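Asker:
Now the structure itself:
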């Protein structure tokens, strides 16, 4: 019964339903960002790089919805989101400043397959994150570490200042692993005594970072829209194949 | 404000499309009716206003228009979509 098989395959799966989740823990990452660990009933598991939609409902029934990248590795038993505060945002101030363990809200996902990677997809990897755009890339690197992979991974994170830099200690701790190269550039205020890059991402930086287009790396670029457009143009200009460049844009601010 | 400052991409509306489609939307390939380029929906530009408009990342023509009216969705598709 081919028809029945097709209908079965096209039947909406149980994946994209709103689930009530409970906050297990909150951890401050920077003065403006925090990681929220969630208990999600019947979570189907995610691929590194995917995101979730999050929905808050006020007492009067008003709802606000935003998308957040998953920060944790698929191998972890809890779902972690890292949320950065958006000034005059509607959702992020609540998540970053108000949320407490035991609080509940709704989540649906995992969502997306274009901006996702698993060790089984192979490499090498070229990951470029701007600001909180590093969050889905961190999920990929945590996944890579959890699987004990030595796939070549070259990572560039652009942060405004050392204070705003997410996961800096964890990335430094991961870096001695074979095949992982992490570079930072600080666009405003570098750490004291910093001798590294102190400017916007440019072509020379990407060339130094590698791997070059000859190695045909899988590139993942995430961050604010102008950042992503800029980096993707640099990569195409350097000779990387457009279909190898996966992009995810947060828009001007997020929310 | 420049376009580069206001749009996101097809990844951001995957949840909205996931309400309707039984297949994962961002990896769904679309061949453009105007320029012929084939790109996954996740790579399309998304413009948010009263609903969402997805545009071809190569030529900029309208690819998908999504109207959101409460629980109702109205979608206009342009181009050829490959399943899977």
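Chains as they are written, first to last, in our numbering: chain A, 6 to 260; chain B, 160 to 243. Every residue, glycine too, gets a C-beta built ideally from N, C-alpha and C. Since the model is a prediction, treat every value here as computed from it, not as a measurement.
Extract the residue ranges of the alpha helix (DSSP H) inside the stretch 178-211 of chain A, only unbroken runs of 4 or more that lie entirely within it.
Answerer: Segments of the alpha helix (DSSP H) lying fully in the stretch 178-211 of chain A: there are none.
Asker: I'd like to confirm the pairing. Which residues does DSSP put opposite residue 233 of chain B in its beta bridges?
Answerer: In the DSSP output, where bridge partners are listed per residue, residue 233 of chain B has B/226.
Asker: Just checking, does the stretch 174-184 of chain A make contact with the stretch 192-200 of chain A on the three C-beta pairs under 8 Å criterion?
Answerer: No, the stretch 174-184 of chain A does not touch the stretch 192-200 of chain A.
Asker: Helix or strand or just coil, what does DSSP make of residue 64 of chain A?
Answerer: Correct three-state label for residue 64 of chain A: coil.
Asker: The beta strand (DSSP E) spanning residue 251 of chain A covers which residue range?
Answerer: Here the beta strand (DSSP E) through residue 251 of chain A covers 250-254.
Asker: Within 9 Å (strictly less), CB to CB, does residue 58 of chain A reach chain B?
Answerer: Yes, because at least one Cβ of chain B sits closer than 9 Å to the Cβ of residue 58 of chain A.
Asker: Quick one: which residues of the stretch 113-129 of chain A get their C-beta closer than 9 Å to a C-beta of chain B? List them in chain order.
Answerer: Listed in sequence order: 113, 114, 116, 117, 118, 119, 120 and 121.
Asker: Any Cβ of chain D within less than 9 Å of the Cβ of residue 233 of chain B?
Answerer: Absent from the structure is chain D; the protein chains it does hold are A and B.
Asker: Strictly below 7 Å CB to CB, what residues from chain A border residue 177 of chain B?
Answerer: What residue 177 of chain B touches in chain A: 21 and 116.
Asker: Between residue 224 of chain B and the rest of its own chain, which residues show a CB-CB distance below 6 Å, the 5 nearest in sequence each way excluded?
Answerer: Cβ within range, chain order: 212 and 235.
Asker: Going straight from the alpha carbon of residue 193 of chain A to that of residue 255 of chain A, what length do you get?
Answerer: Computed Cα separation, rounded: 20 Å.
Asker: Which residues in the same chain have their Cβ closer than 6 Å to the Cβ of residue 203 of chain A, if we skip the five residues on either side of it in sequence?
Answerer: 191 and 195, listed in sequence order.
Asker: Do residue 245 of chain A and residue 170 of chain B have their C-beta atoms within less than 9 Å of each other?
Answerer: Going by C-beta atoms, residue 245 of chain A is not nearer than 9 Å to residue 170 of chain B.
Asker: So residue 62 of chain A contacts chain B; which residues on that side make the cut at Cβ distance below 7 Å?
Answerer: Simply none; closest approach about 15 Å.
Asker: Could you give the distance in angstroms between the alpha-carbon of residue 95 of chain A and the alpha-carbon of residue 219 of chain A?
Answerer: So the alpha carbons of these two residues sit roughly 44 Å apart.
Asker: Out of curiosity, what's the CA-to-CA distance linking residue 252 of chain A and residue 241 of chain A?
Answerer: Approximately 12 Å, taken between the alpha carbons.
Asker: Quick check: the Cα distance between residue 233 of chain A and residue 227 of chain A, rounded to an integer number of angstroms?
Answerer: Computed Cα separation, rounded: 6 Å.
Asker: Does residue 185 of chain A pass the burial test, meaning 16 or more other C-beta atoms within 10 Å, or should it be called exposed?
Answerer: With 16 or more Cβ atoms within 10 Å of its Cβ, residue 185 of chain A is classed as buried.
Asker: I need the straight-line Cα distance from residue 116 of chain A to residue 168 of chain A, nearest angstrom please.
Answerer: Cα to Cα, residue 116 of chain A sits roughly 30 Å from residue 168 of chain A.
Asker: Is it buried or exposed, residue 231 of chain B, if we count other Cβ atoms within 10 angstroms and call 16 or more buried?
Answerer: That one is exposed.
Asker: For a contact defined as C-beta to C-beta under 7 Å, what are the partners of residue 190 of chain A on chain B?
Answerer: None at all; the shortest Cβ gap to chain B is about 20 Å.
Asker: Beta strand (DSSP E) containing residue 102 of chain A: first to last residue?
Answerer: That residue, residue 102 of chain A, is in no beta strand (DSSP E); it is neither H nor E in DSSP.
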